[in-house]
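Single-structure report; data block below.
There are 2 protein chains.
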Amino acid sequence: MTSSKRDHLVDTALDLFCRHGFHATGIDKILAQSGVAKMTLYKHFKSKDELILATLHRRDEKFRNDLMRDVERKGKTPRERLLAIFDVLGDWFSGRGFTGCTFINASAEYSAPENPIHAAAAEHNRLVSAYILELAKAAGAKDPNALAQGLMLLVEGAIVMAYVAGQKDASEQAKRTAEILLADAGI
Amino acid sequence: MTSSKRDHLVDTALDLFCRHGFHATGIDKILAQSGVAKMTLYKHFKSKDELILATLHRRDEKFRNDLMRDVERKGKTPRERLLAIFDVLGDWFSGRGFTGCTFINASAEYSAPENPIHAAAAEHNRLVSAYILELAKAAGAKDPNALAQGLMLLVEGAIVMAYVAGQKDASEQAKRTAEILLADAGI
DNA sequence: GACTAAACAGACAGGTCTGTATAGAAACTC
DNA sequence: GAGTTTCTATACAGACCTGTCTGTTTAGTC
C-alpha cells in the first residue's frame, strides 16, 4: 500500500505536533520517531506546511467522528445529546494525553487568518458548530442558532479553562451552564 | 534611567510575540526592531524565556487594568459591569491589532503545565476569574461562584471564536447568553 | 533471475536560532 | 578632564532548521 507510510507519518507528526507544538517540532524528530526516510516524507508532502495541513485534516475527522459517536452513545434524545457533549469533553480533559485543542494551538502559531493552517482551524470550528446546531434544531429549541452559538462558546471556553488553567472540571461547570441555556430555549 | 531600554525591549518583544508567535520570533528580530544591542538584552534578561515571562507580566497588568477601567466606565452597577465585559471584548476583537489572547497563545506553544510560561498564563486566567467573581458577588448573585465561572467560559469562548473562526461578533452572542445567566442568578 | 519502483541512509547546502565574546563609542560621575 | 559605567556593533560558536541530492537496499512483478 503506497499510503501506509504516509499514514504513519501523519500519525507520528500529529502526536509530536500536539505534544510540543508545530514550530518546536522539527522534520528530523518526526523522521526519527516514525523511522521513515526524509525523501519518503518529501515524496508525499511538498513541504512541512503541507504535512501540517494533512495532520489537521486527520485530526478534524477523528475528533468529530469520535465526538459524534460518543455523544450518540451517551445520549438518546437530542436534548440529552446536547448535554452529553460536555461529558465527552470531560473524558477528553481527564485523559492522559490532553494537550488542548490542536486547532486553537495551530491558530496560535499561525496567526494570519489567510494562512491555510489557520483557515483549516477555522473550518474545523465551523464544522463542530454545524453539528451542535443540528442537534439544537432536532431538540426543538426556540432559537436554535442562538442556542447552538451559546453552547459553542461554552465548549470552547471549557477547553481553554481545562488546558490553560488546568481546570479539568470546566466541563462540569459548562454542563451546568448549558442546562440553563437549554431551559431558556424551552427544551 | 537604567530600565528605559528594558521597557523598550519588553514593548517591542510583546508586539512581535503577539503578531508572529513566540518560537517564530527570533531574538535578532526583536533587536532589529527595537534598535537595542544584543548584549544589552542579555544584561537585562538571562534568556529568551525570561524575556517572554517579562512580556507576559506586562501584558497581564495592562490587560487587566484596561479591562477594569473600561468596564467601570461603561457600567455603573455591578450587573451592568458584568455585561459591559462583553462590550469591552467587542472593542478588542474589532480593533486593528487583534491577535487573540496572548496567554492562550503562550499556552499553546509551551504545553507543559509546569513550564513557567504556561504557569504565567494560568495565573492570568486566575486573576481575570477573580475579578469576575468579585463583580458577581457585588451584584448579589444567588450563586456567585457558579455565575462567575459560567461568565468566564463565555469570555474565553468568545475570544476563541473571534480569533480562530474570525467571528468578531462572538462578543455580542456571548453578551446575550450572559443575560440568560444573570437572570438565572436572580439579578 | 531480471527489471522496476519504493524506501532507506546519510551527507550536504544555506539559512536560522540562542547565547557569548570582544572592541570601540557614548554618556554620566566625580 | 579622567575614570567608570552603559550601550553599540559585530563576529563567532554550536546547534538546529528545511529541503535537496546521491547512492544503496529492499520488495514486488514478470
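For the protein sequence lines, the chains are A and B, in the order given.
First residue of the first sequence: 14, per the working numbering; consecutive thereafter.
First residue of the second sequence: 14, per the working numbering; consecutive thereafter.
All C-beta atoms, glycine included, are put in the ideal place defined by N, C-alpha and C.
Considering only their Cβ atoms, is the gap separating residue j from residue i smaller than 7 Å?
i: B:ASN187; j: B:LEU167; result: Reading off the sequence, residue 187 of chain B comes out as Ala, not Asn. For B:ALA187 and B:LEU167, yes; Cβs fall inside 7 Å.
i: A:ASP73; j: A:VAL101; result: no
i: B:ASN138; j: A:VAL177; result: yes
i: A:LEU95; j: A:LEU148; result: yes
i: B:ILE193; j: B:LEU164; result: no
i: B:ARG11; j: B:THR115; result: This structure does not reach residue 11 of chain B, given that chain B is present from 14 up to 200, and the question cannot be answered.
i: A:THR38; j: A:LEU27; result: no
i: A:GLU136; j: B:VAL173; result: no
i: B:GLY88; j: B:ALA97; result: yes
i: B:PHE76; j: B:SER184; result: no
i: B:ALA134; j: B:SER120; result: yes
Here's the rule: buried if 16 or more other CB atoms are within 10 angstroms of the residue's CB, otherwise exposed. What is residue i?
i: B:ARG92; result: buried
i: B:THR90; result: exposed
i: B:ARG86; result: exposed
i: A:SER60; result: exposed
i: A:ALA143; result: exposed
i: B:LEU69; result: buried
i: A:LEU64; result: buried
i: B:GLU127; result: exposed
i: B:LEU140; result: exposed
i: B:GLY34; result: buried
i: A:ALA196; result: exposed
i: B:SER17; result: exposed
Could you please give the first and the last residue of the uninterrupted alpha helix (DSSP H) stretch that includes residue i?
i: A:PRO157; result: 157-176
i: B:HIS70; result: 61-87
i: B:ASN138; result: 129-151
i: B:GLY39; result: No alpha helix (DSSP H) holds B:GLY39; DSSP gives it neither H nor E.
i: B:SER184; result: 183-197
i: A:VAL101; result: 91-107
i: B:ILE117; result: 115-122
i: A:THR112; result: It is not in any alpha helix (DSSP H) - A:THR112 carries neither H nor E in the DSSP assignment.
Counting only the same chain and skipping the five closest in sequence on each side, list residues whose C-beta sits under 8 Å from that of residue i.
i: B:HIS36; result: GLU122
i: B:GLY153; result: PRO91, GLY199, ILE200
i: B:ALA132; result: PRO126
i: A:ALA50; result: LEU44
i: A:ALA159; result: ALA198
i: B:ASP62; result: PRO129, ILE130
Note down, in chain order, every chain A residue with its Cβ under 7 Å from the Cβ of residue i.
i: B:ALA171; result: LEU166
i: B:PHE116; result: VAL177
i: B:ALA134; result: VAL177
Could you tell me which chain A residues have their CB closer than 8 Å to the CB of residue i, listed as they occur along the chain?
i: B:GLN186; result: ALA159, GLN162, GLY163, LEU166
i: B:ILE193; result: GLY163, ILE193, LEU194, ASP197
i: B:HIS36; result: GLY34, HIS36, ALA37, GLU122
i: B:PRO126; result: GLY179
i: B:GLY113; result: SER120, ALA121, SER124
Kindly list the residues whose CB is nearer than 7 Å to the CB of residue i, restricted to its own chain and excluding five residues on each side of it in sequence; keep chain order.
i: A:ARG19; result: HIS57
Name, please, each residue of chain B whose Cβ falls closer than 8 Å to the Cβ of residue i.
i: A:ALA154; result: Per Cβ cutoff of 8 Å: no residues; A:ALA154 is ~13 Å from chain B at best.
Considering only residues of the same chain and omitting the five flanking positions on each side of residue i, which have a CB-CB separation below 6 Å?
i: A:GLN46; result: THR25
i: A:LYS150; result: PRO157
Quick one: list the residues of chain B neighbouring residue i, beta-carbon separation under 7 Å, in chain order.
i: A:TYR176; result: SER120
i: A:ARG139; result: ALA178
List, in chain order, every chain B residue whose beta-carbon is nearer than 9 Å to that of residue i.
i: A:ARG92; result: What A:ARG92 touches in chain B: nothing, since even the nearest Cβ is about 17 Å away.
i: A:ARG71; result: Per Cβ cutoff of 9 Å: no residues; A:ARG71 is ~18 Å from chain B at best.
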